[in-house]
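One line per chain: the protein sequences are A and B, in this order. So for the first sequence, the numbering used here puts the first residue at 16; every next one is plus one. So for the second sequence, the numbering used here puts the first residue at 20; every next one is plus one. Even for Gly, the Cβ is constructed at its ideal location relative to N, Cα and C. Structure record follows, encoded as structure tokens.
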Amino acid sequence: MSIVFTITLPAKLENLQKMMRSVCDSAQIQGFARKKIGEIELAAEEAWVNICNYAYPEQSGDVEVIGKADDNNFIIEIIDSGIPFDITALSDPNITDDVDERKIGGLGVFLMKKMADEVRYRRENDRNVVELIFKKAGGG
Amino acid sequence: MEIQTRKEKGAIIVLVKGRMDALTAPEFENDLSGQISKGENIFLINLTGLEYISSAGLRSILSISKKLKEKRGKILFTGLHGPVEEIFTISGFDSIFKIFLSEETALNEI
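The structure is reproduced here in structure tokens:
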């Protein structure tokens, strides 16, 4: 598996577009169809926003995004050195509640899990590493 | 994202175009909140021109509909297609909101 892009940016919402451009350009080069690129973008946005909102409650910090690819998979690794947070352990929101009961939060991580073929989390060297894995059509 | 509004048959018709993401969704929420505070309480949201929506967009829609519910208002949707329709379905928004095939049929419902 080879690295196809890396970008490091301060964990700020306003950097969303810069991060998304790298992800989107790379997904195009990897040959994904337009629909799948939209799903990749959505998963990446949700992971990004989650870090901007929760990883660094008291100080500012960076996010490193690394794209990796081989014949079968495209992987986006999103790394922060903020507070430990296992995104995969979060329970899904109740999507059958009506307007009154529907909680405003929780949808982002849920959508991220739905869009990616697989989401992995590990804590490594005091950093949170989230891997979004997308399978290439026809591969694996 | 681009928002255009017009009033027809007592409803505010809101055309939303482009991308509703974490950066742009607050514009939608602020725009509609402003209209609600001016006394408008029936909204038809036309998403024909919307290409992308993330949880931030869903959250702003939910927040507006909660405000409208307090004022006994209504929020209806039309123009759902492609990825936006898919996200509505995955999130269960297709069962909590009234979705119509055209502006006409939605307006007849009001």
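Would you mind stating whether B/Ile106 and B/Ile72 have Cβ atoms separated by less than 8 Å?
As a first step, residue 106 of chain B must be located in the second sequence, where it is residue number 87. As a first step, residue 72 of chain B must be located in the second sequence, where it is residue number 53. Yes, Cβ-Cβ distance for B/Ile106 and B/Ile72 is below 8 Å.
Do A/Ala131 and A/Leu105 have their CB atoms nearer than 8 Å?
Position 116 of the first sequence, counting from 1, holds the residue named residue 131 of chain A. Position 90 of the first sequence, counting from 1, holds the residue named residue 105 of chain A. For A/Ala131 and A/Leu105, no; Cβs fall outside 8 Å.
How many Å lie between A/Met127 and A/Phe89 at the Cα?
Here residue 127 of chain A refers to the residue found at position 112 of the first sequence. Here residue 89 of chain A refers to the residue found at position 74 of the first sequence. Each residue's alpha carbon lies about 15 Å from the other.
Give the interface partners of A/Thr111 over in chain B, defined as CB-CB distance under 8 Å, in chain order.
Counting from 1 along the first sequence, the entry for residue 111 of chain A is found at position 96. Neighbours of A/Thr111 on chain B, chain order: Gly111, Ser114.
Across the region 136-150 of chain A and the region 78-93 of chain B, are there enough close Cβ pairs to call them in contact, namely three or more that are closer than 8 Å?
No, the region 136-150 of chain A does not touch the region 78-93 of chain B.
Kindly provide the ranges of any beta strand (DSSP E) runs that are 3 or more residues long and lie completely inside the region 103-145 of chain A, ordered along the chain.
If we require 3 residues or more, the beta strand (DSSP E) runs fully inside the region 103-145 of chain A come out as 133-139.
Given that a residue counts as buried once 16 or more other Cβ atoms are within 10 Å of its Cβ, and exposed if not, what is A/Ile44?
If you number the first sequence from 1, residue 44 of chain A lands on position 29. With fewer than 16 other Cβ atoms within 10 Å, it is exposed.
Go ahead and pull the three-state DSSP assignment for B/Asp50.
Here residue 50 of chain B refers to the residue found at position 31 of the second sequence. B/Asp50 falls in the helix class under three-state DSSP.
Is B/Gln23 helix, strand or coil when you go by DSSP?
On the second sequence, residue 23 of chain B is found 4 positions in, with the first residue counted as 1. If DSSP states are grouped into helix, strand and coil, B/Gln23 belongs with the strands.
Take A/Lys83 and list the residues in its own chain whose beta-carbon comes closer than 6 Å to its own, dropping the five residues that flank it on each side.
Indexing the first sequence from 1 puts residue 83 of chain A at position 68. Closer than 6 Å at the Cβ level, and outside the excluded window around A/Lys83, lie Met16, Ile18, Ile90.
For A/Asp85, which three-state DSSP category applies?
Taking the first sequence and counting its residues from 1, one reaches residue 85 of chain A at position 70. Residue state, collapsed to three classes: coil.
Taking Cβ-Cβ distances below 9 Å as the criterion, which residues of the region 45-66 of chain A are in contact with chain B?
Those residues of the region 45-66 of chain A that come within reach of chain B (Cβ to Cβ, closer than 9 Å) are Lys50, Gly53, Glu54, Glu56, Leu57, Glu60, Glu61, Trp63, Val64.
With C-beta atoms as the reference, is B/Ser79 less than 8 Å away from B/Ala125?
Reading the second sequence from its first residue, position 60 is the one you call residue 79 of chain B. Reading the second sequence from its first residue, position 106 is the one you call residue 125 of chain B. No, the Cβ-Cβ distance between B/Ser79 and B/Ala125 is not below 8 Å.
Say whether chain A places a C-beta atom closer than 8 Å to the C-beta of B/Ser74.
For this step, residue 74 of chain B is matched to residue 55 along the second sequence. B/Ser74 counts as touching chain A.
Touch check for the region 69-82 of chain A and the region 18-27 of chain A: three-plus C-beta pairs under 8 Å?
These segments touch.
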